[in-house]
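Okay, so here's the structure we're looking at.
Numbering (the UniProt record's numbering), first residue to last: 1 to 181.
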């Protein structure tokens, strides 16, 4: 079952009338920027989430751009179980921001883990290539290793670099402190 979408303005109107806004991104994404009042309920932990506290109130789900939210509509709809109205913010937090609605940004929080992995893998590939060109062709093994790691991550869903970065000091607090819906 697909969930109906709301424009950010329509979602804001429902929120002002008591609806519940659930951010289904991961904790690291939610920590950096969020819609004020949104409660965190990561999609990866949806099965563990308990929505009974919100009985009777409409529930509005959002992610970054809305595409992955639509792809998860069946799971979200099953979680709500028809007990109340449920919607998806069309375009996610990106559309919310573009509509001029408030977004709380905390630049003290680290970038989301995926962007850290992209930065790390890209830097490794770039510097390995430069060293291979300027110092020794043996350094071309570095970008090859980074590329192989990205392929393994894409195929299997296991990303060693993400596992390492998650334990980095600047990321530890993000994954342990945020409260879920």
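Glycine included, every Cβ here is placed at the ideal spot set by N, Cα and C.
Predicted model only: the values in this text are computed from it and were never measured.
Q: Below 8 Å CB to CB, which residues in the same chain sit around residue 6 once its five sequence neighbours on both sides are set aside?
A: 14, 60, 87, 88, 89, 90
Q. Do residue 96 and residue 169 come within 8 Å of each other at the CB atom, strictly closer than that value?
A. no
**Q.** Spatially closest choice to residue 172 from 109, 126, 122, by CA coordinates
**A.** 109
**Q.** Length of the line joining the Cα atoms of residue 180 and residue 27
**A.** The predicted model places residue 180 with a pLDDT of 44, which falls under 50 and marks its position as unreliable; any figure quoted below should be read in that light. The straight-line gap from Cα to Cα measures roughly 9 Å.
**Q.** Cβ-based neighbour list, residue 4, same chain, cut-off 6 Å, excluding 5 preceding and 5 following
**A.** 87
(Q) Using a Cβ distance threshold of 8 Å, determine whether the region 154 to 170 contacts the region 115 to 127, with at least three qualifying pairs required. (A) yes
Q | Backbone secondary structure at residue 131 - three-state DSSP | A | helix
Q: Verify whether the separation of the beta carbon atoms of residue 166 and residue 113 is less than 8 Å.
A: yes
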